[in-house]
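Reviewing the structure listed below.
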Amino acid sequence: MTNESVWIVDDDSSIRWVLQKALQAADISCLSFENPEDLLLQLQSGQAPEVIISDIRMPQMDGMALLNEVHASHPLLPVIIMTAHSDLDSAVNAYQKGAFEYLPKPFDIDEAVTLTQRAIAHAREQSTASKVQPDDTVTEIIGEAPAMQEVFRAIGRLSRSSISVLINGQSGTGKELVAQALHRHSPRASKPFIALNMAAIPADLVESELFGHEKGAFTGAQAARQGRFEQADGGTLFLDEIGDMPLDVQTRLLRVLADGQFYRVGGHQSVSVDVRIIAATHQNLEKRVAEGKFREDLFHRLNVIRVHLPSLSERREDIPLLTRHFLRRAAKELDVEAKSISKEAERVMSQLPWPGNVRQLENVCRWLTVMASGQEVLPSDLPPEIHSDSSIEKPAAEAGDWPDLLASWTDKQLRDGHHNILNDAMLTFERVMLERALFHTHGHKQDAAKRLGWGRNTLTRKLKELGVN
């Protein structure tokens, strides 16, 4: 690594000079080249920058060819492509070839500096992340939040057992993943794992799905068919949304759990199976029992061990981790380069309520993998619907309460003998206002400055002074 964080290549000396001066003013060291060949020679000598900024149109070698050469030897090195407004096709091509971002000419100096700083931060994060990369080949449950650690502990304790388990959690929290993990870490791991969603099957077909049927048992039964219990023999049967199971089927299920035997629909010979039952629901089964919609004896038979899965809003600290995981997985599925996520986008995503939980977050990451313009996801890249008023968490205090809260804070500071409290309050006030303005404008600085009544240069200066990323 050289002492120069950024290498600039452009055959226009005025562009090189302007960029170099602007970056140096921001404490970013630079090295500039008139042609790509010289840059490649420097790169081949064993030296490398953290970021390359390249023009797309140059006499000997264009920026796209340079991008290919750089990524052949340094696949993680961010390359920013400078392009004229008329080069939109080239910009799209640059993204497809793996450019970090493109910088349209004529460019705003502040934007160029900010973009370069993001690229440097991205390069450093990639360097760290490349040293320890989680294995995405197995669909594992991911989480560092205390609530998820409880789930992991429960799975660990149950790893040598075949006892029945009831999983509670909102839709989209990953109940089937937990069921799969319980099976995978159990003595039955080499046997089948069969899943059946009660809510997805018409009530008149549930019995046949679970227990199978004999030929001629009903209209359309042209041949005998095994049910899910027989398919899962020796392994695990996962009954999702058990709260939606019809009462008459609940009675038959209770008998199977009691003696391991049942009859196919239309059958006269009992079938014996050895099956572990894992059930899941988003409903309150105690309430369903009280309402007479779920058998109390079946509830107690299933509720031997209960595992509660937290909603995503109960484990917000896991959102950045999950986002990076889902972005990598989506990239693998689509056979494209994985996108990274900016700190500001992480902060925005961590504040949303995610009513669809982990499933909704995974779908958003798939959308971002296809639709986000650059290699780094910004707040402005997020789908518009998740920014709707109904999706944003309401603040703890109403807007009219904040003068009272400020008065209470001031009283406490004065009672405690603190000095310089006006300056402290002003810094906090400006930081909060700035962060919220950026949140509501999806990271667009010009719009945020306008909403706050500041000029663009003032906002840029405040970002630096207040340490807002």
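When you line the sequence shown up against our numbering, it's residues 310 to 778, in that order. Backbone N, C-alpha and C fix where the C-beta goes; we use that ideal spot for every residue, glycine too. All values reported here derive from a predicted model rather than from experimental measurement.
In the DSSP assignment, what residue or residues form a beta bridge with Met-391?
Asp-364, Leu-412
Coarse secondary structure for His-753, derived from DSSP in three states
coil
Return helix, strand or coil for His-577, following the three-state DSSP convention.
coil
Pair within 8 Å by beta-carbon distance, Glu-306 and Asp-627:
Because the chain here runs from 310 to 778, residue 306 falls outside it and cannot be looked at.
Roughly how many whole angstroms lie between the Cα atoms of Phe-409 and Thr-392?
13 Å
Give the secondary structure of Ile-551 by DSSP, where H, G and I count as helix, E and B as strand, and everything else as coil.
helix
Option nearest Leu-631 by Cα separation, candidates Asn-766, Trp-663, Ala-428
Trp-663
Check whether Val-315 and Pro-358 have beta carbons under 8 Å apart
yes
So Gly-536 and Glu-550 are supposed to be a Cβ contact under 8 Å. How far apart are they, rounded?
Rounded, the Cβ-Cβ distance is 18 Å, inconsistent with contact.
From the DSSP output, which residues share a beta bridge with Leu-340?
Trp-316
If you reduce the DSSP assignment to three classes, tell me which class His-781 lands in.
Beyond the ends of the chain as shown, which are 310 and 778, falls residue 781; an answer cannot be given.
For the alpha helix (DSSP H) that Asn-377 lies in, which residues bound it at each end?
372–382
Where Phe-635 falls: helix, strand or coil (DSSP):
helix
What does a CB cutoff of less than 8 Å around Asp-698 pick up in its chain, not counting 5 residues either side in sequence?
Confidence at Asp-698 is low in this model, with a pLDDT of 39, below 50, so the placement of that residue should be treated as unreliable; the coordinate-derived value is given next. So the list is empty, once near-sequence residues are dropped.
Could you tell me how far apart the beta carbons of Arg-604 and Leu-556 are, in whole angstroms, since I believe they sit closer than 8 Å?
7 Å
In the structure shown, what three-state DSSP assignment does Lys-703 receive?
Its pLDDT being 42, under 50, Lys-703 is placed unreliably by the model, and the measurement read from it follows with that caveat. In this structure, Lys-703 counts as coil in the three-state DSSP scheme.
If you compare alpha carbons, which of Gly-372, His-383, Glu-378 is closest to Ile-389?
Gly-372
Under 8 Å, do Gly-483 and Leu-618 count as touching if we go by C-beta distance?
yes
Below 8 Å CB to CB, which residues in the same chain sit around Met-507 once its five sequence neighbours on both sides are set aside?
Val-515, Leu-548, Asp-549, Glu-550, Ile-551, Gly-552, Asp-553, Met-554
How big is the Cα-Cα spacing for Asp-319 and Asp-364?
5 Å
Local conformation of Glu-685 per DSSP, three classes
strand
Is Ile-476 close to chain C? Criterion is C-beta to C-beta, closer than 8 Å.
Absent here is chain C; the protein component of the structure consists of one chain.
Residues in its own chain within less than 7 Å of Gln-540 by CB, not counting five upstream and five downstream?
Pro-501, Ile-503
Alpha carbon of Glu-623 to alpha carbon of Val-487, nearest angstrom:
17 Å
Ile-337 versus Ile-429 - alpha carbon distance:
10 Å
Going by the beta-carbon positions, is the gap between Gly-764 and Gly-481 smaller than 8 Å?
no
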